[in-house]
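Residue numbers (the numbering used here): 350 to 803.
Comments concern the structure below.
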């Protein structure tokens, strides 16, 4: 007997969208077919509903207003079933100690399965820990080319050295690519001008400085044969650089976020410090270039960069922290403003939010797809629900959302992971500590290279 049988739904699968039934036994998808005859303990009629694999959010920060438990709750309500958190080892700390702490915390308190990225802030002293981190199941490592004034920036010497070590150990480098020293100069110059910082913020971090840094780090990747992942791409100039790199065979993956697809610098002016994120919100031309890159395959992944921090609109802008809540609104926004409005297909949404991240981190086909033998990680989305995003209906501990008042058509109504119903009709059913730590194999099992004409 099956544990759960979902009938009459529109399943988004590798071979297309099919009206077909799916049967779950234990933690796995046991059978897929039309009119499954086997009885089940529970039958769910999904007529008129869309069923997709559980989404990944591979860009999360569970250390601000939302801890690992809060973040997993917010993610569940947004149709996310797998998280990969950034575990930042700040200067003076040991990377291994930080990773073990994050892993233990997640195992005790997360309601979702999760992996980890190692965040390296002190490359001179922490790069030597990469082989040991790999043995813990952490295979992707983040570096900053920005935030020199904060002491976060990794210089080129230690960055290419880290790439060499990561490559030798079959991992993947992640780089926040903006030219940090140039940005710090521009910010200092604008601060002295006494002009409205909300209007000047994007000028302090122009898209050309993102593109320059991406180009530089692509060279490092090619020299060291190190797989490279660029998060939160925001600029049209960067799209051109990544297109060229992919066509030249650089082992590179690209990510953008809903905020860069949907918001512009006008929102920074309107929402002030709450909309201060890095990289900054840019122009409508940048936004459209990102949608085109998402369509064409230049961009591989959409993730949230969920980093909610306590901020008010009127806070002093230059001193305000970077970050905003994003994970819960990610799928509804991409579904409505992407699929419903014709920017991407439903299949492409599943590729960039489910399949591609699972492949990049070596978790496919156990996760990221609807297939026999895969984990029963499923989202049932009702495309007929019209609703309005508001901080009052979000589950982050932040008291704001950048999308207050935005209308969406389509909402997750049930989320299942490993055969367990975690959320049903806005009721949370999961308990903390059910999430499993997922060892990864980042950058090794896929792209491999996707040539583009964009």
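Beta carbons: idealized from backbone N, C-alpha and C, even for Gly.
Just so you know, these numbers come straight off a predicted model, no measurement behind them.
- Under DSSP, residue 356 forms a beta bridge with 394.
- Counting of Cβ neighbours within 10 angstroms places residue 499 among the exposed residues, the total staying below 16.
- Judged by DSSP secondary structure, residue 368 falls within the beta strand (DSSP E) whose first and last residues are 365–368.
- At least 7 Å separates the beta-carbon of residue 762 from that of residue 726.
- The beta carbon of residue 360 lies closer than 6 Å to those of 367, 369, 400, 719 in the same chain, with the five residues before and after it left out.
- With respect to residue 706, residue 405 sits close: the two C-beta atoms are nearer than 7 Å.
- Contact annotation: residue 657 and residue 674 have beta-carbon atoms nearer than 7 Å.
- For residue 425, the enclosing alpha helix (DSSP H) stretches over residues 417–426.
- Annotation for residue 786: no beta strand (DSSP E) segment contains it, and DSSP assigns it neither H nor E.
- Here residue 630 really is in contact with residue 614; their C-beta atoms are around 5 Å apart, less than 8 Å.
- Note that the C-beta distance between residue 432 and residue 438 is not below 7 Å.
- Residue 577 has 522, 601 as its beta-bridge partners, per DSSP.
- Contact between the region 458–474 and the region 531–541 is absent: fewer than three C-beta pairs spanning the two stretches fall below 8 Å.
- Closest by C-alpha distance to residue 741, out of 758, 677, 734, 529, is 677.
- Residue range 444–458 is occupied by the alpha helix (DSSP H) that includes residue 447.
- For residue 686, the closest alpha carbon among the candidates 760, 628, 728 is that of 760.
- Taking a contact to require three or more Cβ pairs closer than 8 Å, the region 700–717 and the region 381–398 do not qualify as touching.
- Contact check for residue 377 and residue 723: beta-carbon distance about 7 Å, within the 8 Å limit, so the pair qualifies.
- For residue 402, the enclosing beta strand (DSSP E) has its first and last residue at 399–402.
- Counting only runs of 4+ residues, the alpha helix (DSSP H) found wholly inside the region 704–775 occupies 705–709, in chain order.
- If you look at residue 538, you'll find it in the alpha helix (DSSP H) that goes 529–542.
- Annotation: the continuous alpha helix (DSSP H) that includes residue 553 extends over 546–553.
- The Cβ atoms of residue 634 and residue 585 sit closer than 7 Å to each other.
- Under the DSSP assignment, residue 463 falls in the beta strand (DSSP E) whose first and last residues are 462–469.
- Residue 568 is classed as exposed because its beta carbon has fewer than 16 other beta carbons within 10 Å across all chains shown.
- Less than 7 Å separates the beta-carbon of residue 529 from that of residue 502.
- Between the alpha carbons of residue 385 and residue 371 lies a distance of about 8 Å.
- Around the beta carbon of residue 637, fewer than 16 other beta carbons lie within 10 angstroms, which makes this residue exposed.
- Excluding sequence positions up to five before and after residue 576, its CB lies within less than 6 Å of the CB of 521, 600, 792, all in the same chain and listed in chain order.
- By alpha-carbon distance to residue 756, the top candidate from 684, 671, 782, 767 is 684.
- In this model, residue 645 and residue 700 are separated by some 12 Å (Cα to Cα).
- In the structure shown, residue 589 falls within a helical segment according to DSSP collapsed to helix, strand and coil.
- Residue pairing by DSSP places residue 384 opposite no residue, since no beta bridge is assigned to it.
- Between residue 526 and residue 487, the C-beta gap is not smaller than 7 Å, which leaves the two residues out of contact.
- DSSP places residue 372 in the strand class (E or B) of the three-state scheme.
- Cβ-Cβ separation between residue 467 and residue 490: approximately 5 Å, consistent with a contact (criterion under 8 Å).
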